[in-house]
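Everything on this sheet refers to the single structure shown next.
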Amino acid sequence: MARHTPSVCNRQPWHVHAYHDNAIKQKLLNLQGGNNGFGHTSDWVLVVTSNLSSFLNVKERFEVYIDGGLFSMSLMYAFQDIGLGTCALNWCAKPSKDKKVRRLIKIAEEEEIIMLIAVGHFNENVQAAYSEKRSISEIITNHE
Ligand SMILES: Cc1cc2nc3c(=O)[nH]c(=O)nc-3n(C[C@H](O)[C@H](O)[C@H](O)COP(=O)(O)O)c2cc1C
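What follows is the structure, encoded as structure tokens:
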């Protein structure tokens, strides 16, 4: 499903590295750091990357994140559709941490990490989380 995400000039720069092994999953979760209390319950940890070599010049410098972000969202909707839960895990990492993960999972230099995604089964006893959202009128300005 997520393969159908639109991308600039249909370049599809994304890649997913999927980890199920507990030891590597936990190392990734520890390095990410924003999943205390729930990260360990995930069945899979995904590292979503987007390839810098798909982009041609400085004017395109943000596309790696835009396409990678759109793809990540599609992937989370796709998991939801097949009954699995996800949590996006930010990769707001210092260069030193980024290097550590690159050493751990050996991704190509031109792959930019967009985010990690924890994937797992819903606990049957847990109801859907409710997150307060801004109103439609707050986020749309109709200029006629
Ligand atoms: C790019 C991105 C990074 C996120 N990083 C984290 C994270 O590190 N840890 C976490 O618990 N949630 C993370 N989240 C989840 C947000 O906290 C969550 O989407 C937000 O609170 C709204 O809740 P909702 O998704 O239930 O609507 C992230 C979400 C996005 C889109």
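Residue numbers (this note's numbering): 21 to 164. We put the CB at the ideal spot given by N, CA and C, even for glycine. Predicted, not measured: the structure shown is a model, and the values here were computed from it.
Identity of the residues DSSP links to residue i by a beta bridge
| i | result |
| --- | --- |
| G105 | G140 |
| E131 | N71 |
| H37 | V67 |
| N110 | M135 |
Three-state secondary structure assigned by DSSP to residue i
| i | result |
| --- | --- |
| N145 | coil |
| N162 | coil |
| N42 | helix |
| N50 | helix |
| N30 | helix |
Cβ-Cβ distance between residue i and residue j below 9 Å
| i | j | result |
| --- | --- | --- |
| R122 | D87 | no |
| S62 | L49 | yes |
| V139 | L104 | yes |
Legend entry - contact_flag[the segment 85-103, the segment 29-40] where n(CB pairs < 8 Å) is 3 or more: yes
Legend entry - contact_flag[the segment 108-121, the segment 149-158] where n(CB pairs < 8 Å) is 3 or more: no
Legend entry - Cβ contact check for the segment 80-87 and the segment 99-117: 3 or more pairs under 8 Å: no
Inset, instruction - Please confirm if the segment 56-70 is in contact with the segment 153-164, defined as three or more CB-CB distances below 8 Å between the two stretches. - result: no
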